[in-house]
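Q: The sequence shown finishes on residue 323 if you use the UniProt record's numbering, and the numbering steps up by one all the way, no holes.
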Amino acid sequence: MKRVNWKVIFFIIIAFIIIYIIVDNNRIKIVEEQIEIEGLSDSLDGFTILQVTDLHEKEFGHNQKSLIKKINSKNYDVIVFTGDMLDDMESLNYEPFFDLIEGIKNMEYAFFVPGNTDPLPYLFKEKGIERHEFIEEMEKRGVQFLETNTAVNVNQAVVRIVYFENSIISEKRIEAYKESVVNENYPPLVRLKMKHYEENLVLDQEEAELLIALNHYPVADLRIDSIEKDSYYQMRDYDLILAGHYHGGQYRVPFLGAFFVPEAYFKRNGLFPPQNRVKGLWEYKGIKQYISAGLGSSDTIPFMKFRLFNTPEINVITFVSKQ
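(1) Would residue 60 pass as an interface residue toward chain C - the criterion being a Cβ-Cβ separation below 7 Å?
(2) Do residue 261 and residue 274 have their C-beta atoms within less than 7 Å of each other?
(3) Assuming residue 233 and residue 169 form a contact by the criterion Cβ under 8 Å, report the distance between their Cβ atoms to the nearest whole angstrom.
(4) Residue 130 to residue 163, Cα distance in whole Å?
(5) Where does residue 66 sit, in a helix, a strand or coil, going by DSSP?
(6) Taking the alpha-carbon of residue 314 as reference, which of 296, 320 and 300 has the nearest alpha-carbon?
(7) Distance, Cα to Cα, residue 248 vs residue 292?
(8) Quick check: what's the CA-CA separation for residue 42 versus residue 153?
(9) Going by beta carbon distance, what residues of the same chain come within less than 8 Å of residue 224, once the five residues before and after it are set aside?
(10) Using 8 Å as the threshold, is the region 84–97 in touch with the region 40–58, meaning 3 or more CB pairs across them?
(11) Residues in the same chain with beta-carbon distance under 6 Å from residue 197, minus the five sequence neighbours each way, listed in chain order, please.
(12) Which value, in whole angstroms, describes the spacing of the CA atoms of residue 243 and residue 4?
(13) Does the region 45–54 come close enough to the region 78–94 that 3 or more CB-CB pairs lie under 8 Å?
(14) Let me confirm a value: residue 217 is counted as buried when at least 16 other C-beta atoms fall within 10 Å, else exposed. Which label applies?
(15) Verify whether the separation of the beta carbon atoms of residue 116 and residue 306 is less than 7 Å.
(16) Does the distance from the C-beta atom of residue 319 to that of residue 71 stay below 7 Å?
(17) Just reading off the beta strand (DSSP E) that residue 320 is part of, what are its end residues?
(18) Look up residue 227 in the DSSP assignment and give the residues it is bridged to.
(19) Among 311, 140, 145 and 282, which one has its Cα closest to the Cα of residue 102?
(20) By the three-class DSSP mapping on this structure, what secondary structure does residue 295 have?
(21) Assuming residue 100 and residue 68 form a contact by the criterion Cβ under 8 Å, report the distance between their Cβ atoms to the nearest whole angstrom.
In structure tokens:
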């Protein structure tokens, strides 16, 4: 009886995994989710957002042809980009993102919030501050840098879309900020922040049928608890928070899930995270969050800039009336 050549079997398995990783990292799946809202009007029943996140300069076909085709195949009211379009804060490789947005047909309502690998939106100059060229060029291509909040009118209904990090600032903290100018370089940026924070005070005065927050970072349960306890902040009645950042764990094990996500609010800083907080829809204290696993990958671990058993995704979120 012949002995089993385990070395050959091992190398066959490794070769299969490598081929699978290459193929899978260049596929795109569309993940759809329905968000039930009690009392949602007929005008907003079916209101749809398409989310793109964590591109990390990844290219899906020449000039993003494959990704553009996937996006253009869907009907939606708003498209959002929730950060990490670039791979590094200092990167000048804007083309993968710009090629993408130049090819998307429905850009009537398109919004961007920055991630940790995108450039700082503002630069200090001798005469004050100015927007980073990445932001300027992005807006020329039809994507709005969302710094405060904006209204999307759908028939007779209003959807308010906000940048989460700015929307949680309370009026008390605004007053404290006004007294915090301690460096001659700060006033222009502080004044700009004041303007943004004060613009969000409209959220206390005007009601919208849907309040949707965009953020790059998911808002962990412990962070929600800390925000609620701090008078400098306020959690609003968000109908949904959309975020990314985790990459769905980037490396996933079949039947087990992710073994790490970058989250300081989790035990062990995200090692062996709670699987119901890695991607998809969850709810805590009445606040729903939807976290996309995104498209690209990071190189936090050298030589491992790929996704494992974790197909790149875009997300289509549809709001429906709760029956």
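We put the beta carbon where it would ideally sit given N, CA and C, even for glycine. Source: prediction; values computed, not measured.
A: Concretely, from the data shown:
(1) No chain C is present in this structure, which holds just one protein chain.
(2) no
(3) 7 Å
(4) 20 Å
(5) helix
(6) 296
(7) 7 Å
(8) 14 Å
(9) 235, 284, 285 and 287
(10) yes
(11) 169 and 174
(12) 49 Å
(13) yes
(14) buried
(15) no
(16) no
(17) 313–321
(18) Residue 227 pairs with nothing; no bridge assigned.
(19) 140
(20) coil
(21) 6 Å
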